[in-house]
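In UniProt numbering, the protein residues as written are 1 to 601. Virtual Cβ for every residue (Gly too), placed ideally from N, Cα, C. Encoded as structure tokens, the structure appears first; notes follow it.
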Amino acid sequence: RIGSATSLSSAIINTRLQELVKLFKERTEKVKEKLIDPDATSDDESPVASPAKPAPAAAPVPPPGGEGEGDKPSGDDHYCEMLCCTFKYRPWLDRLKSYQFPSSIDPLTNLMYVLWLFFVVLAWNWNCWLIPVRWAFPYQTPANIHCWLLVDYLCDLIYLLDILVFQTRLQFVQGGDIIADKKAMKENYLRSQRFKMDVLCLLPLDFFYFKIGVNPLLRFPRCLKYMAFFEFNNRLEAILTKAYIYRVIRTTAYLLYSLHVNSCLYYWASAYEGLGSTTWVYDGEGNSYIRCYYWAVKTLITIGGLPDPKTLFEIVFQLLNYFTGVFAFSVMIGQMRDVVGAATAGQTYYRSCMDSTIKYMNFYKIPKTVQNRVKTWYEYTWHSQGMLDESELLVQLPDKMRLDIAIDVNYNIVSKVALFQGCDRQMIFDMLKRLRSVVYLPNDYVCKKGEIGREMYIIQAGQVQVLGGPDGKSVLVTLKAGSVFGEISLLAAGGGNRRTANVIAHGFANLFILEKKDLNEILVHYPESQKLLRKKAKKMLKSNNKPKDEKGGPGDSLIIPPKAETPKLFKAALAATGRMGGKGPLARLRWRLKELKAMQA
Numbered sequence: 001r002i003g004s005a006t007s008l009s010s011a012i013i014n015t016r017l018q019e020l021v022k023l024f025k026e027r028t029e030k031v032k033e034k035l036i037d038p039d040a041t042s043d044d045e046s047p048v049a050s051p052a053k054p055a056p057a058a059a060p061v062p063p064p065g066g067e068g069e070g071d072k073p074s075g076d077d078h079y080c081e082m083l084c085c086t087f088k089y090r091p092w093l094d095r096l097k098s099y100q101f102p103s104s105i106d107p108l109t110n111l112m113y114v115l116w117l118f119f120v121v122l123a124w125n126w127n128c129w130l131i132p133v134r135w136a137f138p139y140q141t142p143a144n145i146h147c148w149l150l151v152d153y154l155c156d157l158i159y160l161l162d163i164l165v166f167q168t169r170l171q172f173v174q175g176g177d178i179i180a181d182k183k184a185m186k187e188n189y190l191r192s193q194r195f196k197m198d199v200l201c202l203l204p205l206d207f208f209y210f211k212i213g214v215n216p217l218l219r220f221p222r223c224l225k226y227m228a229f230f231e232f233n234n235r236l237e238a239i240l241t242k243a244y245i246y247r248v249i250r251t252t253a254y255l256l257y258s259l260h261v262n263s264c265l266y267y268w269a270s271a272y273e274g275l276g277s278t279t280w281v282y283d284g285e286g287n288s289y290i291r292c293y294y295w296a297v298k299t300l301i302t303i304g305g306l307p308d309p310k311t312l313f314e315i316v317f318q319l320l321n322y323f324t325g326v327f328a329f330s331v332m333i334g335q336m337r338d339v340v341g342a343a344t345a346g347q348t349y350y351r352s353c354m355d356s357t358i359k360y361m362n363f364y365k366i367p368k369t370v371q372n373r374v375k376t377w378y379e380y381t382w383h384s385q386g387m388l389d390e391s392e393l394l395v396q397l398p399d400k401m402r403l404d405i406a407i408d409v410n411y412n413i414v415s416k417v418a419l420f421q422g423c424d425r426q427m428i429f430d431m432l433k434r435l436r437s438v439v440y441l442p443n444d445y446v447c448k449k450g451e452i453g454r455e456m457y458i459i460q461a462g463q464v465q466v467l468g469g470p471d472g473k474s475v476l477v478t479l480k481a482g483s484v485f486g487e488i489s490l491l492a493a494g495g496g497n498r499r500t501a502n503v504i505a506h507g508f509a510n511l512f513i514l515e516k517k518d519l520n521e522i523l524v525h526y527p528e529s530q531k532l533l534r535k536k537a538k539k540m541l542k543s544n545n546k547p548k549d550e551k552g553g554p555g556d557s558l559i560i561p562p563k564a565e566t567p568k569l570f571k572a573a574l575a576a577t578g579r580m581g582g583k584g585p586l587a588r589l590r591w592r593l594k595e596l597k598a599m600q601a
């Protein structure tokens with residue numbers, strides 16, 4: 001009994017020592033990987049760290065006899081009740097007092113500056129549209145003169161604030177550097193053509209009101225602030241997703257303004273000749289502005305059906321009107337064509353490509369099923385991406401901007417691939433620029449069983465199904481957006497890694513593909529990452545093949561095959577023979593089993 005207890009304890013000690021040796025080997029391998037690449041991490045995907053929660057503020061000690069926890073807040077705090085919650089907020093007056101106006105403004109990206117330009121353009125439009133109306137039509141009277149002057153001087157105040165506050169704080173580029181110095185920005189504005197026009201548009205001709213009365217024509221210089229209007233157009237088009245809609249509206253406004261000015265001139269000419277004096281002039285009946293605007297539309301668009309002019313003044317005025325109308329209308333039509341053409345340029349390119357492809361397939365008599373799939377691919381790719389090939393757009397950008405776009409689109413997905421964790425960050429950036437987007441139609445084969453793996457796939461949108469089973473049609477797993485498959489194929493030596501299952505697209509699927517040759521070209525410049533990737537690929541292959549080795553497939557080459565478990569009754573007989581010290585066949589069998597165990601160990 002003492003000998004059996006001793007052998008049992010020694011077996012336990014040996015088993016424990018073997019486990020310790022295994023743990024030490026694993027730890028040594030991890031330390032080696034750390035020495036090779038300090039950024040190396042484990043093969044497992046690292047969990048995303050939850051955002052750090054701010055430490056809770058210490059609860060104030062309630063004064064003795066004070067209000068309880070459920071009492072109302074003190075008068076110094078301000079609360080806003082919304083639905084079922086109560087939010088603490090600062091009074092708007094305190095927030096307004098604590099606001100600091102920026103010392104410099106980026107005119108290209110600052111949305112606050114775009115908003116300010118909107119108010120400047122609003123004041124400019126007030127002057128451009130209403131100065132001719134007040135000059136020609138009898139809408140400005142002594143009874144409402146104070147309202148007109150109030151809005152006029154409010155617009156002048158906006159002009160003045162634009163000069164003193166905003167224009168002197170605009171950043172500018174000099175010698176490739178962005179200048180944000182206060183003195184330099186002010187001097188740059190004072191030397192610019194913009195400053196001269198801004199000063200000219202604020203000429204104080206209003207002092208002549210005391211001598212000749214309130215004449216709106218004295219405010220005509222206010223219309224010279226046209227630079228703010230064109231700057232606002234450029235800034236607004238840069239931030240709009242569909243800028244062509246604004247361009248169409250702006251071009252239409254140009255046409256309406258031309259008709260507006262012409263209607264004012266027609267009323268002035270009618271008043272000069274005398275209202276109702278001839279059949280050509282305005283007769284003074286109905287709404288004067290609407291009637292004159294109708295006449296301007298018929299004249300500028302050259303519809304015809306107008307009464308013939310009678311006097312020399314009317315004939316000259318009508319001739320100038322016709323010439324101006326033909327010129328203005330042709331310019332508006334040409335500009336509208338350019339705007340619509342630019343808005344539909346992508347659609348025109350898509351249609352031309354599709355028509356050329358259909359013509360090619362019809363010439364070679366491609367089957368209708370294939371033609372329908374090609375048409376479906378064109379339509380889905382265009383509607384999902386807005387273009388047929390993303391590389392055509394990115395090739396126009398500098399390398400740095402292409403990298404920035406690739407990082408924003410693909411980095412979150414690629415960084416989760418276990419194979420690339422711990423690799424050089426710059427290597428991953430170079431790899432992002434080599435990714436190619438491909439759209440697969442429903443039931444398209446992404447890869448087939450037995451193919452040589454030369455690509456890695458990243459699912460951007462849609463789903464793919466991995467098929468297997470005896471018939472090769474059973475769905476083993478469905479991979480969704482963000483999943484990666486085929487990454488081990490990139491590092492398989494000698495092309496020996498074949499696909500083990502069929503992968504088909506379940507619906508429309510948009511995949512990113514990284515080819516093996518592209519990765520090899522990148523790894524030439526990153527030898528340490530190449531060593532790390534090959535080591536990780538070996539580990540992944542071992543882990544993938546481990547279940548098959550444990551089961552002992554037909555190709556296993558084991559020296560001693562695993563034996564069946566010994567029956568309990570037979571074990572009891574062998575143990576009794578050992579205690580009795582017998583020399584029969586059971587004793588010889590017991591000695592033989594010990595030899596086999598020693599050989600297996």
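Check: Check residue 387 in the structure and name its three-state DSSP category.; Outcome: coil
Check: Quick one: Cα of residue 214 to Cα of residue 398, how far?; Outcome: 58 Å
Check: Confirm, please, whether the CB-CB distance from residue 346 to residue 387 is below 8 Å.; Outcome: yes
Check: Please name the residue in 112, 374 and 18 whose C-alpha comes closest to that of residue 353.; Outcome: 374
Check: If you reduce the DSSP assignment to three classes, tell me which class residue 606 lands in.; Outcome: No information on residue 606 is available, as it lies outside the stretch 1 to 601 that the chain covers here.
Check: Using the beta-carbon count (16 or more within 10 Å), is residue 55 buried or exposed?; Outcome: Low confidence applies here, because residue 55 scores a pLDDT of 44, under 50, leaving its location unreliable and the question unanswered by this model.
Check: Out of 537, 219 and 95, state which residue places its alpha-carbon closest to the alpha-carbon of residue 417.; Outcome: 537
Check: Whole angstroms is fine: what's the gap from residue 158's alpha carbon to residue 349's?; Outcome: 45 Å
Check: When you compare only the Cα positions, how much space is there between residue 284 and residue 138?; Outcome: 12 Å
Check: The alpha helix (DSSP H) spanning residue 288 covers which residue range?; Outcome: 288-300
Check: If you scan the stretch 216-289 from start to end, which runs of the alpha helix (DSSP H) of 4 or more residues do you find wholly inside it?; Outcome: 226-239 and 243-273
Check: Span of the alpha helix (DSSP H) holding residue 151?; Outcome: 145-161
Check: For residue 484, name the three-state secondary structure that DSSP assigns.; Outcome: strand
Check: Please report the straight-line C-alpha distance between residue 208 and residue 175, rounded to a whole angstrom.; Outcome: 46 Å
Check: Can you tell me where the beta strand (DSSP E) with residue 440 in it begins and where it stops?; Outcome: 436-440
Check: Taking the CB atoms as reference points, tell me whether residue 515 and residue 489 lie closer together than 8 Å.; Outcome: no
Check: From 289, 330, 281 and 329, pick the residue whose C-alpha is nearest to that of residue 306; which is it?; Outcome: 281
Check: Within the continuous alpha helix (DSSP H) that includes residue 214, where are the two ends?; Outcome: Per DSSP, residue 214 belongs to no alpha helix (DSSP H) and is neither H nor E.
Check: Do residue 217 and residue 268 have their C-beta atoms closer together than 8 Å?; Outcome: no
Check: Please state the DSSP three-state secondary structure of residue 512.; Outcome: strand
Check: Go ahead and pull the three-state DSSP assignment for residue 101.; Outcome: coil
Check: Should residue 479 and residue 467 be called a contact, given that it needs their Cβ atoms to be closer than 8 Å?; Outcome: no
Check: Determine, using beta carbons only, whether residue 507 and residue 460 come nearer to each other than 8 Å.; Outcome: no
Check: Would you mind working out which of 529, 339 and 382 sits nearest residue 431, comparing C-alpha positions?; Outcome: 529
Check: Do residue 226 and residue 263 have their C-beta atoms closer together than 8 Å?; Outcome: no
Check: Under the three-state reduction of DSSP, which class applies to residue 330: helix, strand or coil?; Outcome: helix
Check: In or out: residue 309 buried (at least 16 other Cβ within 10 Å) or exposed?; Outcome: buried
Check: Excluding the 5 residues preceding and the 5 following residue 171 in the sequence, name in chain order all residues of the same chain whose CB lies nearer than 6 Å to its CB.; Outcome: 104, 106, 178 and 180
Check: Taking CB distances under 8 Å as the criterion, tell me whether residue 430 reaches chain C.; Outcome: You won't find chain C in this structure, because it holds only one protein chain.
Check: Which word fits residue 238, buried or exposed, when buried means at least 16 other C-beta atoms lie within 10 angstroms of its C-beta?; Outcome: exposed
Check: Over what stretch of residues does the alpha helix (DSSP H) that includes residue 136 continue unbroken?; Outcome: 111-136
Check: Can you tell me which residues form a DSSP beta bridge with residue 177?; Outcome: 174
Check: Assuming residue 165 is part of the beta strand (DSSP E), what are its boundary residues?; Outcome: Looking at the DSSP string, residue 165 is not in any beta strand (DSSP E), and its letter there is neither H nor E.
Check: Which stretch, first to last residue, makes up the alpha helix (DSSP H) that contains residue 349?; Outcome: 345-363
Check: Distance, Cα to Cα, residue 200 vs residue 168?; Outcome: 17 Å
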